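Worksheet: one structure, shown below.
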Amino acid sequence: MDAWTTLESRGFVKQVTDPETLKKALSSGTVTYYAGFDPTADSLHIGHMLPVMAMAHLQRAGHVPIAVVGGGTAMVGDPSGKTELRQMLTSDDIAKNMTGMRTQLSRFLVVDGVRGHMIDNGEWLLKLNYIAFLRDIGRHFSVNKMLTADAYKLRLEKGLSFIEFNYQLLQAYDFLELFRRFGCQLQIGGDDQWGNILAGTDLIRRVDEKDAWGLTFPLTTTASGAKMGKTAAGAVWLDANRTPVFDFFQYWLNVDDRDVGRFLKLYTFVPLDEIARLEALQGADVREAKRVLAREVTTLVHGAEATAVADAAGSAMSRGEATADLPTVALLPEDRTVVDALVRGALAKSKGEARRAIEGGGVTLGGEKVVEREAALPDVGDGLVLKVGKSRAVRLVKSA
RNA sequence: GGGGAGUUACCCGAGUGGCCAAAGGGGGCGGGCUGUAAACCCGCUGGCAUUAGCCUACGUAGGUUCGAAUCCUUCACUCCCCA
């Protein structure tokens, strides 16, 4: 299956600048393509996985990815889809964040400088000369046209600062720079990037009189309309220190029934015919499809071993069994009550929340429902399972 | 530069001197039902404290008052109209 068909049949394609010529290029030769990642945190979250997966599919088909970490553009901030000016990052933050993101990206992509590249756009953006930039690049942008774009219309109601207004120029310039350095002809990104991507293809046409393509992915939301990868605890991160593997696995296992097929196509490499079989499952059997989804995605991100542990722990937990595979929490001598243990195990943010959880009847200790709000903690022996609700549990042990 | 409106908890948003840790909705969490799903029903949703109660919080910093989210002043920020 060629790269285009793969992307299209798996649901990656929302908008394309010139589908016919792009199809042809992807099936007949090697295309160098890029996607940008803003280093706004030191880890990717699952919202980033869509571009990453798309890049991986293309690379597997022999095309050459450039992962651009936006050290330069992060200094400015993309206003697309944001309703207010976002916090400015310091250069120190950006540098730190870039390190973390690079490590994660290299798990999905081969970036050996031949088959794939990873680059910081700060390399060229930070050196730009203002006047030269205005004369060479700025003159190709029509303010009238920019203002008619939806991305800016929204912001015109709430206020848009000049620095943000320039973001699009910088992203367009990135594309031009990559086109010149690497012959990069395709930029891919979320659908909210459509305007910025078009600005790039337009710029390449105007300045170098060459054609380039843009492709966007559908904005993924869950069936219930929520943004992908957001939980009460915040985003679902790829870094196990931010989102434990167990929680990561559970996130995928608990997706809405209606999302399973779509997510299998987008977030795993499971072949389409196998996905078709899984999608056809009905009723309680849908769990099988969810388990495949959770295993595949977690394996991609955290490896097979950690995935097996998280999977086994989840199964055991749903049966209410104690297991060594749950996240282990060491109690301290001052933890005397179940309430203390809940807070220690991060199952409750405060003692008040812990008490409410007990009063709500959602806490079990070693399989027994805790009814006493101030119940004392029994001897945990060599491990006692403390559980809140259906899918959050830890294994308590004595302090080391 | 001038004039006007505004800033309330995770989000939206009500509240114009005590009955306000602050209506309502959304979101989230817990329970029931179920399949670790959805829908639906019920409960909870600042912190500490067993209870009483205490502390912190209505943009910021002061003030008036027995008492302030509510009144006055300062500063910051946002939006609208005019230039």
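In terms of the numbering used here, the first sequence is numbered consecutively and its last residue is 444.
For glycine and all other residues, C-beta sits at the position ideal for the given N, C-alpha and C.
On a predicted model such as this, the values are computed, not experimentally measured, just so you know.
As assigned by DSSP and simplified to three states, the class of residue i
i, result
"D448", "Residue 448 lies beyond the range of the chain shown here (45 to 444); nothing can be said about it."
"E128", "Caution is warranted here: a pLDDT of 46 is assigned to E128, below 50, making its placement in the model unreliable, and the coordinate value is therefore given only provisionally. Coil at E128, not helix or strand."
"I232", "strand"
"D426", "coil"
"G433", "coil"
"V96", "helix"
"F56", "coil"
"T266", "coil"
"A419", "coil"
"T260", "strand"
"G80", "strand"
"A47", "helix"
"D284", "This sequence places Ala at residue 284; Asp is not what is there. In the structure shown, A284 sits in coil (DSSP, three-state: anything other than H, G, I, E or B)."
Best match in the options for proximity to residue i [C-alpha to C-alpha]
i, options, result
"T61", "P83, N240 and D384", "N240"
"M190", "S53, W238, V304 and W281", "W238"
"A392", "A256, A437, E221 and R335", "A437"
Rounded straight-line distance, which links the Cα of residue j to that of residue i
i, j, result
"L428", "G410", "5 Å"
"H89", "D283", "8 Å"
"V120", "T287", "28 Å"
"T127", "D236", "In this prediction, T127 has a pLDDT of 47, which is less than 50 and means its spatial position is unreliable; what the coordinates show is noted afterwards. Each residue's alpha carbon lies about 13 Å from the other."
"L129", "G115", "Because the pLDDT at L129 is just 48, under 50, the model does not fix this residue reliably, and the value given afterwards should be weighed accordingly. Approximately 18 Å, taken between the alpha carbons."
"V382", "M93", "38 Å"
"G157", "H107", "13 Å"
"L375", "N298", "29 Å"
"T372", "D355", "15 Å"
"A15", "A69", "Absent from the structure is residue 15, since the part of the chain shown begins at 45 and ends at 444."
"F209", "V113", "20 Å"
"T65", "D252", "19 Å"
Cβ distance (whole Å) where residue i is taken to contact residue j below 8 Å
i, j, result
"A98", "V155", "With a Cβ gap of about 16 Å, A98 and V155 do not count as contacting."
"T264", "W296", "About 13 Å separates the two Cβ atoms, so there is no contact after all."
"L153", "G160", "5 Å"
"G182", "F219", "Not quite, the Cβ-Cβ distance comes to about 15 Å (not below 8 Å), so this is no contact."
"G234", "T192", "Not quite, the Cβ-Cβ distance comes to about 21 Å (not below 8 Å), so this is no contact."
"K431", "M361", "7 Å"
"N141", "P83", "4 Å"
"G395", "V424", "According to the sequence provided, residue 395 is Lys. The question's Gly does not apply to it. Contact doesn't hold; Cβ gap of about 19 Å is too wide."
In DSSP terms, what residue i is bridged to
i, result
"K413", "T408"
"F226", "Looking at the DSSP assignment, F226 forms no beta bridge with any residue, so it has no partner."
"M162", "A111"
"V441", "A374"
"T381", "A420"
"H89", "W281"
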